[in-house]
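Using this note's numbering, the first residue of the sequence shown is number 8, and each one after it goes up by one.
What follows is a set of notes on a single structure, which appears directly below.
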Amino acid sequence: MTDRLRKITSLILTICLIVGLLLGGYFLYQTMTMEPVPESVIVPSEKVDWAMERVGGSLAIFLDYTYILLAVATVLVLAFAIIVALSSKKTFIRSITRIGSLVAVILIAYIFATSEIPIFFGYEKFGITSTTALMIDLGLKTAYVLLVIAIGGVIFTGLRGYFKKSN
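Right under this line is the structure:
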């Protein structure tokens with residue numbers, strides 16, 4: 008990575024850290040300034056609702072900040088991946104091969120995925136549709152295939168190293 012990219016990523020990381028610390032301080036302030044209630048006192052429901060809205064509101068800020076950080080991280084990962092992939096023809100071909108392999112794994116998982124809705128106690132509450140069940144099964148099957156590939160790669164690497172040492 009060039010010195011310029013390193014400076015840019017350090018700046019982005021520092022800004023995210025400062026914003027996170029400010030939001031953490033805000034949340035701490037919101038929760039610390041709430042008045043404690045003795046357990047022997049019965050609190051009216053509207054006061055409980057107000058207190059929960061106050062804590063929930065500051066928690067919602069953290070959730071929104073998490074979404075923002077996820078979006079920034081996704082954009083940066085894609086941008087740096089494209090920059091690295093376009094840096095030379097060899098890395099571009101290697102990147103295309105890896106993306107094609109991932110698409111092949113997802114297609115294999117899609118072929119074996121089913122849209123059958125699982126039946127369990129209380130499943131009606133979740134409102135699972137056949138499309139949702141298909142996407143969940145697709146995600147699970149993709150994770151299983153990638154896990155098998157990872158374990159196979161670890162075993163292959165270990166055996167290859169063992170046989171290279173013995174020769």
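Every residue, glycine too, gets a C-beta built ideally from N, C-alpha and C.
Here the structure is a predicted model, which is why all the values come from computation and not from measurement.
- Taking C-beta separations shorter than 8 Å and ignoring five residues to either side along the sequence, the partners of residue 152 in its chain run 112, 115 and 116, following chain order.
- Three or more beta-carbon pairs separated by less than 8 Å link the stretch 26 to 37 to the stretch 66 to 74, which places the two stretches in contact.
- Ranked by Cα distance from residue 26, the first of 82, 73 and 91 is 73.
- By the beta-carbon neighbour count (other beta carbons within 10 angstroms, threshold 16), residue 120 is buried.
- Taking the C-beta atoms as reference points, residue 92 is found nearer than 7 Å to residue 102.
- According to the DSSP assignment, residue 98 belongs to the alpha helix (DSSP H) that extends over 96 to 119.
- DSSP places residue 171 in the uninterrupted alpha helix (DSSP H) bounded by 137 to 173.
- As the crow flies, the alpha-carbon of residue 164 is around 12 Å from that of residue 156.
- When the five nearest sequence neighbours on each side are left out, the beta carbons in the same chain lying within less than 8 Å of the beta carbon of residue 19 are those of 79 and 83, in order along the chain.
- Shown here, residue 126 sits in coil according to DSSP, grouped into three states, outside any helix or strand.
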